[in-house]
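Enquirer: The structure is given below, and queries will be raised subsequently.
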Amino acid sequence: MADISMLSQFLILLKKVINEGGVFKSPFRARLKNVMLNDTVFTAVDLELTSLDPSTTDITSIGYVSGLNNKVKLSSCGYHVINTTADLGQSPVIHGLTHDVLEQGIMLDKALSSLCEAIQGSVLVFHNASLDLKALDKVFRDYKFPPLDVVYIDTLQLALYQLNKQHQVLPNNSATLTVCRQRLDLPSFPEHNALDDALATLQLFFAQLQQLGVNSQDNLSVLLHTKAIGRYTLGRDTFK
7 MADISMLSQF LILLKKVINE GGVFKSPFRA RLKNVMLNDT VFTAVDLELT SLDPSTTDIT
67 SIGYVSGLNN KVKLSSCGYH VINTTADLGQ SPVIHGLTHD VLEQGIMLDK ALSSLCEAIQ
127 GSVLVFHNAS LDLKALDKVF RDYKFPPLDV VYIDTLQLAL YQLNKQHQVL PNNSATLTVC
187 RQRLDLPSFP EHNALDDALA TLQLFFAQLQ QLGVNSQDNL SVLLHTKAIG RYTLGRDTFK
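Residue numbers (my numbering): 7 to 246.
Have a look at this one:
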């Protein structure tokens, strides 16, 4: 019985150490505790893609916008149509970007350079981060851009975190960008334009923070339990 009691006490102590950080505290968790929300620039990024397969997809447009302290900075908006001859599939039907439109765009490497400049020092915000990060990683490697380590937040995962607390089985299409905004009483927006989607994503993120009871005096580590925040190394295909 003594051995069982000692084991029980050890497990309780181990759980406490893990929960409080202790010797198992990750460098990423420690880093986030020093990043205060009121000092953090968040930049929402959206890509229009030719397919949902990140290994073969091509980028047809990029949109991004930054915000600070729950306010969107409209002067930070950027939008680039990409000059590409890629097979567009159903993309023209969904996004309205035909080859005639794309011919007027800029080369992808120039758009990436502008994006890298815009996101410097920012925490990135995506709706469905995995798809966009993998698509960006592919072109970073294709164009031999230096690897870039980014911190990101996924509004899709934040929505799923909240929904999973309310439903055992999630309703169909319950985490689309449009439905997520409707659930938080945000106004409707034009869909399937990269800049419009980036603006909609950033607004959604700020509304989700309020829904979670997160305030500007908190640090980013308060979002770790949602599993919506992480690190990714563009150009090395690495989630951390």
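Every residue gets a Cβ at the ideal spot worked out from N, C-alpha and C, and that includes glycine. Since the structure is predicted, the reported quantities are computational estimates derived from the model, not experimental observations.
What ranges does the beta strand (DSSP E) occupy inside the stretch 144 to 203, keeping only unbroken runs of at least 3 residues that lie completely in it?
Expert: 154 to 160
Enquirer: Residues bridged to F48 by DSSP?
Expert: G73, V129
Enquirer: Is it true that the stretch 216 to 226 meets the stretch 77 to 92, where meeting means three or more beta-carbon pairs spaced less than 8 Å apart?
Expert: no
Enquirer: Roughly how many angstroms separate the alpha carbons of Y85 and K79, rounded to a whole number?
Expert: Separation of Y85 and K79 (C-alpha to C-alpha, rounded to the nearest whole angstrom) is 14 Å.
Enquirer: Alpha carbon to alpha carbon, how far is P60 from F34? Give it in angstroms, no decimals.
Expert: 26 Å
Enquirer: Around the C-beta of G28, are 16 or more other C-beta atoms found within 10 angstroms, so that it is buried, or is it exposed?
Expert: Low local confidence applies: a pLDDT of 43 at G28 is under 50, so the model's placement there is unreliable, and no value is given.
Enquirer: Can you give me the start and stop residues for the alpha helix (DSSP H) that R37 sits inside?
Expert: From DSSP, the alpha helix (DSSP H) with R37 extends over 33 to 39.
Enquirer: Taking the alpha-carbon positions, what's the Q163 to A36 distance?
Expert: 22 Å
Enquirer: Evaluate R242 with the Cβ neighbour count: other Cβ atoms within 10 Å of its Cβ, from every protein chain shown; 16 or more gives buried, anything less gives exposed.
Expert: exposed
Enquirer: Specify, as a first and last residue, the run of the alpha helix (DSSP H) that L240 falls within.
Expert: Per DSSP, L240 belongs to no alpha helix (DSSP H); it is in the beta strand (DSSP E), 235 to 240.
Enquirer: Given 8 Å as the limit, is there contact between the stretch 127 to 139 and the stretch 46 to 65, that is, 3 or more CB pairs closer than that?
Expert: yes
Enquirer: Could you compute how far the alpha carbon of N225 sits from the alpha carbon of M113?
Expert: 38 Å
Enquirer: Out of curiosity, what's the CA-to-CA distance linking Q209 and L142?
Expert: 22 Å
Enquirer: Exposed or buried, K144, counting other C-beta atoms within 10 Å across all chains shown (16 or more means buried)?
Expert: With 16 or more other Cβ atoms within 10 Å, it is buried.
Enquirer: Per DSSP, what kind of secondary structure is S61 in: helix, strand or coil?
Expert: For S61, the three-state secondary structure derived from DSSP is coil.
Enquirer: Do N76 and F212 have their C-beta atoms closer together than 7 Å?
Expert: yes
Enquirer: For A165, which option in R187, T46, Q126 has the closest C-alpha, if you only look at C-alpha atoms?
Expert: R187
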